[in-house]
Amino acid sequence: MGLAWQKRSMARALETIIPGAGRQRLLQLSQRTSAPQTVPGTLAGRPRNFDETNDSLDEYKWPVRPRRCPVIGKPYTMLDIPHFRPSLRKSLLDWSSMNMLAAAVDHGVYVMSGNFELNADDSKFLFHDTCTAVKFSNSGRKIAIGRSSSLTSVYRIGSNKFCCEFKCAATNHSFSCQPQCYAWSNDDRYLVIGCSGGYLEVINVPAGVKKNIVEASVSDIVTVSFSPKDRYVACGGREAAVRIFTWPDLTPFMEIGYLSPVRAMAWHPWESSILCIGGGQGDGSLSIWNIQRQMSLGYRAIKFDGCVDTVLWNKVTGEMAVNWFVRDHADPDNYYAAMPVYASFDNVTDAIIPSLKKTRIPYAAWNPDGTQIACQARDSVFIHGFLDNKEKRRLEERKRLPRSRVLNSELLSSHSMR
239 MGLAWQKRSM
249 ARALETIIPG
259 AGRQRLLQLS
269 QRTSAPQTVP
279 GTLAGRPRNF
289 DETNDSLDEY
299 KWPVRPRRCP
309 VIGKPYTMLD
319 IPHFRPSLRK
329 SLLDWSSMNM
339 LAAAVDHGVY
349 VMSGNFELNA
359 DDSKFLFHDT
369 CTAVKFSNSG
379 RKIAIGRSSS
389 LTSVYRIGSN
399 KFCCEFKCAA
409 TNHSFSCQPQ
419 CYAWSNDDRY
429 LVIGCSGGYL
439 EVINVPAGVK
449 KNIVEASVSD
459 IVTVSFSPKD
469 RYVACGGREA
479 AVRIFTWPDL
489 TPFMEIGYLS
499 PVRAMAWHPW
509 ESSILCIGGG
519 QGDGSLSIWN
529 IQRQMSLGYR
539 AIKFDGCVDT
549 VLWNKVTGEM
559 AVNWFVRDHA
569 DPDNYYAAMP
579 VYASFDNVTD
589 AIIPSLKKTR
599 IPYAAWNPDG
609 TQIACQARDS
619 VFIHGFLDNK
629 EKRRLEERKR
639 LPRSRVLNSE
649 LLSSHSMR
């Protein structure tokens, strides 16, 4: 009964701050870009031709296998991480494929078991300088740690054995830069570093050598990620633009401009060319792009003053969790986080209700099998359940069906939260 009341309360709250969060039409499709490397004009809150309605086009639906009903309730685990403070950088919290959770706090990185046992064999890496970023390799066997002294240190998990260390190419900057974010290639051979000087550096980790460096921005890069099949590398930062590069040569491929810095973007786990981008402060929009075709697929505007802190696509269901930070500039003390879960932009299937009032959720991460989600608020990390065992088994069975059959049946169904 309590959970049902919470769902109704969250539905009302979403409708208040996100008008039309139920089933109203929320998207418009923009046409394919004419230039091979740029998007016409600047997105700046919406595509240039956003007001041009084409009723012959259906609203975009991304591939999804939604859960049958909302299951997210109160967090079942809370981790206290004193002095864990948010910043514009995205890479301060990570959850590995080996079920280890890492948090960068001041002069150290703390690594703990994702099972959260009291007697777990946790470990920590301590340094004389401040830790600026942390990222597990895809295998979960290595961890990259950024430091304010311009260093990136790579260690083996378990043995804590030192692998290699790199310093940002100081000759390219007039100041001492810092690693801000990381992305590992799918085979864990290469590590891409985004730094505060606006450069992307490519490191061959097994060989211990730098492979490439390109200037990707005129200011900080705060988020970087590989597409699922390593065809593209996307980065965003304080320059208020998302830039796409081809891999492995890092040739500029596409640019999408915004009004404010972008720190939230995510690739669809099944469709290697589909990228969702969340707008920064004063924008707060969501846009979905087919990067290979350089085409806008869908757009979601908001009617409140906020920014997107996190976009997360679940690898099992294809549902998308979006975390907005909402602030009332007329009343600075009135701010909060809203985190709905979408099967499409007109279909809210669930919502994470923040455990703390007047809070922000700057970081969130899935556990290895996509059944739990970690949300950081203030100096705590809250763990929520996303998939129960019964629903997970059902979706795993559906995975074995022909893909076209799964998608067709799911797209015809509706699971809106009332």
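Under my numbering, the very last position in the sequence shown is 656; numbers go up by exactly one each time. Positions of the beta carbon are idealized from the N, C-alpha and C atoms, including for glycine. Quick caveat, the model's predicted, so the values are computed rather than measured.
- Closest in alpha carbon position to Ser375, among Ser386, Phe322, Ile441, is Ile441.
- Between Ile482 and Ile529, the C-beta gap is smaller than 9 Å, which places the two residues in contact.
- By a beta-carbon distance limit of 8 Å, Phe563 does not contact Arg616. Their separation comes to about 13 Å.
- Rounded to the nearest angstrom, the Cβ distance from Ile451 to Ala407 is 6 Å, consistent with a contact under 8 Å.
- In the DSSP secondary-structure assignment, Cys433 is bridged to Pro417.
- Under DSSP, Lys448 forms a beta bridge with Ile441.
- Here Pro301 carries a coil assignment [DSSP, helix/strand/coil].
- C-alpha of Tyr420 to C-alpha of Lys595: approximately 31 Å in a straight line.
- If you draw a straight line from the Cα of Pro320 to the Cα of Asp607, it is about 27 Å long.
- The DSSP-derived three-state label of Thr390 is strand.
- Asn585 is bridged by DSSP to Ser582.
- At the C-beta level, Val372 and Asp332 come within 9 Å of one another.
- In this structure, Ser386 is the residue among Asn424, Arg427, Ser386, Arg394 with its C-alpha nearest to the C-alpha of Ser414.
- Per DSSP, reduced to three states, the secondary structure at Gly384 is strand.
- Counting only the Cα atoms, Thr370 lies some 14 Å from Lys405.
- The Cβ atoms of Leu550 and Trp527 lie no closer than 9 Å to each other.
- Closest by C-alpha distance to Met492, out of Ser511, Thr368, Lys380, is Ser511.
- From the listed residues Ser463, Lys380, Asp584, the smallest Cα separation to Glu297 is found for Asp584.
- DSSP, reduced to helix, strand and coil, places Asn528 within a strand of the structure shown.
- Where Asn552 is concerned, there is no enclosing beta strand (DSSP E), because DSSP gives it neither an H nor an E.
- Note that the C-beta distance between Val554 and Tyr580 is not below 9 Å.
- Here Ala602 carries a strand assignment [DSSP, helix/strand/coil].
- The three-state secondary structure of Gly378, taken from DSSP, is coil.
- Residue range 479-484 is occupied by the beta strand (DSSP E) that includes Thr484.
- Between Lys328 and Arg501, the C-beta gap is smaller than 9 Å, which places the two residues in contact.
- Secondary structure at Asp607: coil, using DSSP grouped into helix, strand and coil.
- Under the three-state reduction of DSSP output, Val546 falls in the strand class.
- For Gly396, no beta strand (DSSP E) encloses it, and the DSSP letter there is neither H nor E.
- For Met350 against Met338, the beta-carbon gap comes to about 7 Å, under 8 Å, which counts as contact.
- For Cys402, the CB contacts under 6 Å within the same chain, skipping 5 residues up- and downstream, are Val392, Gly446 in chain order.
- For Ile621, the enclosing beta strand (DSSP E) starts and ends at 618-623.
- DSSP places Phe491 inside the beta strand (DSSP E), whose first and last residues are 489-495.
- If you compare the alpha carbons of Thr484, Asp458, Ser457, Val462 with that of Tyr470, the shortest gap goes to Thr484.
- In the same chain as Ala504, and ignoring 5 residues on each side of it, the C-beta atoms closer than 7 Å to its own belong to Cys514, Val549, Leu550, Trp551, in chain order.
- When DSSP states are grouped into helix, strand and coil, Tyr428 belongs to the strand group.
- Non-local C-beta neighbours of Gly518 in its own chain, meaning closer than 8 Å and more than five positions away in sequence, comprise Ala478, Tyr496, Leu497, Ser498, Pro499, Val500, Arg501, Cys545, Val546, ordered along the chain.
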